[in-house]
Structure formats: C-alpha cells, structure tokens
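J.:
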Amino acid sequence: MPLSPYLSFSGQCNQAIDFYQQALQAELTYKITFGEMPKPPDEEYEDGCASGQPFSERDIAHANLRIAGSDIMLSDGKPNDAAWAGFTLSLSTDDIAQGKAWFDALAASGRITMPWQETFWAQGFGMVTDKFGAPWMVNVAKPMSDA
Numbered sequence: 428m429p430l431s432p433y434l435s436f437s438g439q440c441n442q443a444i445d446f447y448q449q450a451l452q453a454e455l456t457y458k459i460t461f462g463e464m465p466k467p468p469d470e471e472y473e474d475g476c477a478s479g480q481p482f483s484e485r486d487i488a489h490a491n492l493r494i495a496g497s498d499i500m501l502s503d504g505k506p507n508d509a510a511w512a513g514f515t516l517s518l519s520t521d522d523i524a525q526g527k528a529w530f531d532a533l534a535a536s537g538r539i540t541m542p543w544q545e546t547f548w549a550q551g552f553g554m555v556t557d558k559f560g561a562p563w564m565v566n567v568a569k570p571m572s573d574a
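428 is the number of the first residue of the sequence shown in this note's numbering; add one for each residue after it.
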C-alpha cells in the first residue's frame, strides 16, 4: 500500500482542489462533503452537521487528487491549525518545460523559497510555498551518466 500525504485546508479545500487541477493538471478521483456523509442516528444535528462540529455541509470531508501518477488526500478537517511544518511535497518530471510550468503555476500567488534554476543534480529545480501555505519542491533530475 503506497504512502500518501493528507493535507488539511481549514475551509479552503474546494479552492485548493480547483487550484491543483488547474496548476498541476490534477485528476479529482474522489470527493465527499460533510453534508453528503451518512448521519449517525444517535447524534443531534444543527445545519446538517453534528452539534459542536465546526464544519458546514459544503466543507470537504475527504477528497483524493492524482498528480503526476501519485495521490494526495485533502480535507477541510482539523480547523484552526496554525502553519504546516516539517514536510515538503516533492513533484518530479523528466520534462523540463513541464517542471517549469508546474513551478510557475504553484508560485502564482505563493512565495518562492528557491528560484527555478539548474543545479548539480537537476536540469531544473525550485522550491515554492503555494497560496495555501503548502511547501513544494519541483525537480527535473539530470540523466544518470553511464560513467
């Protein structure tokens, strides 16, 4: 079973899904809102959500995106989280034009932490924090030499 990142967007998950679909050609493979989830019979509900639950019916309970052959999971869960820390999403391709396009799209309304450039290991590499605060590395590795 593969390891997949799970990102929480605190009310901005629909916008994140739309952004990643456009910026990274992500494929939405599953999405369910809190309003679409089955309601347990023993709980009281106000406005379609469990009492004390901070989510609206339109908030995303769970979604799955396929990006460049890998899956990430997303949700509006975990409200009031501060900032994300201690991880970076890494996106790789063999196509330098594709890598640069991904980098530029993620950088739109985001913050570049390392400009797109050639490095000793990559034809192109850059680091960016997107407009939702998710950190990304985009890498186009140099071909391995036969030496």
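Even glycine gets a Cβ: it sits at the ideal position worked out from N, Cα and C.
Taking its Cβ as the centre, do 16 or more other Cβ atoms sit within 10 Å of P562, making it buried, or is it exposed?
T.: Position 135 of the sequence shown, counting from 1, holds the residue named residue 562. So P562 counts as buried.
J.: What is the C-beta distance between D503 and G438, in whole angstroms, given that I count them as a contact (C-beta under 8 angstroms)?
T.: Sequence index remark: in the sequence shown, residue 503 carries index 76 (1-based). Sequence index remark: in the sequence shown, residue 438 carries index 11 (1-based). The pair is a contact, with the Cβ atoms about 5 angstroms apart (cut-off 8 angstroms).
J.: What span of residues does the alpha helix (DSSP H) with Q525 cover, start to end?
T.: The residue labelled residue 525 in the question sits at position 98 within the sequence shown. Looking at the DSSP string, the run of the alpha helix (DSSP H) that includes Q525 is I523 to A534.
J.: Check F514 in the structure and name its three-state DSSP category.
T.: On the sequence shown, residue 514 is found 87 positions in, with the first residue counted as 1. Note: F514 maps to coil in three-state DSSP.
J.: Let me know the secondary structure DSSP gives G551 once reduced to three states.
T.: One-based indexing of the sequence shown puts residue 551 at position 124. G551: strand per DSSP, three-state reduction.
J.: Where do the N-terminal and C-terminal ends of the alpha helix (DSSP H) with D498 fall, by residue?
T.: Counting from 1 along the sequence shown, the entry for residue 498 is found at position 71. Not the alpha helix (DSSP H): D498 falls in the beta strand (DSSP E), residues S497 to S502.
J.: Near L516, which residues of its chain fall below 8 angstroms by C-beta distance, leaving aside the five closest residues on each side in sequence?
T.: As a working mapping, residue 516 is identified with position 89 in the sequence shown. Excluding residues within five positions, the ones whose Cβ falls inside 8 angstroms are P432, I499, A561, P562, W563 and M564.
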